[in-house]
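K.L.:
Numbered according to mature numbering (1 follows the signal peptide of the UniProt record, and there is no 0), the sequence shown spans residues -19 to -1, 1 to 57. Glycine included, each C-beta is placed from N, C-alpha and C at the ideal position. This is the structure I have questions about; it appears just below.
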Amino acid sequence: MKKIASFFMVLSFVSTLYAIDGKELFQSKCTSCHGTSGEKKALGTGNILKGQSATEIEKNFWAIRMALMEGLKRTS
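As structure tokens, this is what we get:
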């Protein structure tokens, strides 16, 4: 059941990525950890987004997503 719930949670997040523009997405999903202009490390260990290219940010996003999914697999 946890795997099914996780799948739909990720699916809804990915759908959200395509549904709203980047600025709104950043403001709603990223600023709480990365700061309003991407100047902070998320949770003190993540990458600083400010100064990264869109390609770098996308690459890091998918790496984090995969790590989170692996963590969910271990808890189910």
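Please classify Leu30: is it buried, with 16 or more other beta-carbons within 10 angstroms of its beta-carbon, or exposed?
P.N.:
In the sequence shown, residue 30 corresponds to position 49, counting from 1. Buried, by the Cβ-count rule.
K.L.:
Using only the alpha-carbon positions, how far apart do Trp43 and Glu37 sit?
P.N.:
Residue numbering aside, residue 43 sits at position 62 when the sequence shown is read from its first letter. Residue numbering aside, residue 37 sits at position 56 when the sequence shown is read from its first letter. The alpha-carbon of Trp43 is positioned some 10 angstroms away from that of Glu37.
K.L.:
Determine, using beta carbons only, whether Cys11 and Leu24 come nearer to each other than 8 angstroms.
P.N.:
On the sequence shown, residue 11 is found 30 positions in, with the first residue counted as 1. On the sequence shown, residue 24 is found 43 positions in, with the first residue counted as 1. Going by C-beta atoms, Cys11 is not nearer than 8 angstroms to Leu24.
K.L.:
Determine the DSSP secondary structure at Leu30, reduced to helix, strand or coil.
P.N.:
For the purposes of this step, residue 30 is taken as residue 49 along the sequence shown, with counting starting at 1. If DSSP states are grouped into helix, strand and coil, Leu30 belongs with coil.
K.L.:
What do you reckon, are the CB atoms on Lys21 and Asn28 nearer than 8 angstroms?
P.N.:
Numbered from its first residue, the sequence shown carries residue 21 at position 40. Numbered from its first residue, the sequence shown carries residue 28 at position 47. It is not a contact, given that the beta carbons lie outside the stated cut-off.
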